[in-house]
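K.L.:
Residue numbers (our numbering): 32 to 96. Note that beta-carbon positions come from the ideal geometry of N, C-alpha and C, so glycine has one too.
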């Protein structure tokens with residue numbers, strides 16, 4: 032399976048801690064792959080942010096249609 036060299040994506044993570052609490056992590060996730068923008072999403076746990084990054088990379092590495 033060959034990945035086309037012109038595939039491109041953008042992943043923007045805005046992450047902050049609310050109230051200085053350990054469980055106050057918040058993230059806003061914006062992503063595009065090949066110009067198609069997905070709806071923004073949010074996360075409130077580090078594992079959820081990591082899952083979003085993995086999903087973005089998996090989508091980017093999928094063979095083109």
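Could you compute how far the alpha carbon of residue 58 sits from the alpha carbon of residue 65?
P.N.:
The count along the chain shown starts at 1 and reaches residue 58 at position 27. The count along the chain shown starts at 1 and reaches residue 65 at position 34. Computed Cα separation, rounded: 23 Å.
K.L.:
Does DSSP put residue 55 in a helix, a strand or coil?
P.N.:
Taking the first residue of the chain shown as position 1, residue 55 is located at position 24. Three-state DSSP puts residue 55 in a helix.
K.L.:
Is residue 60 buried or exposed, if buried means 16 or more other CB atoms sit within 10 Å of its CB?
P.N.:
Looking up residue 60 in the chain shown gives position 29. Under this definition residue 60 is a buried residue.
K.L.:
DSSP three-state call for residue 85: helix, strand or coil?
P.N.:
What you label residue 85 is simply residue 54 of the chain shown in a count that begins at 1. Helix.
K.L.:
My assumption, with CB atoms under 8 Å, is that residue 56 sits in contact with residue 84. Please give the rounded CB distance.
P.N.:
As a position in the chain shown, residue 56 is number 25, starting the count at 1. As a position in the chain shown, residue 84 is number 53, starting the count at 1. So it is not a contact: roughly 14 Å between Cβ atoms.
K.L.:
Check residue 69 in the structure and name its three-state DSSP category.
P.N.:
Within the chain shown, numbered from 1, the residue matching residue 69 stands at position 38. Here residue 69 sits in coil by DSSP.
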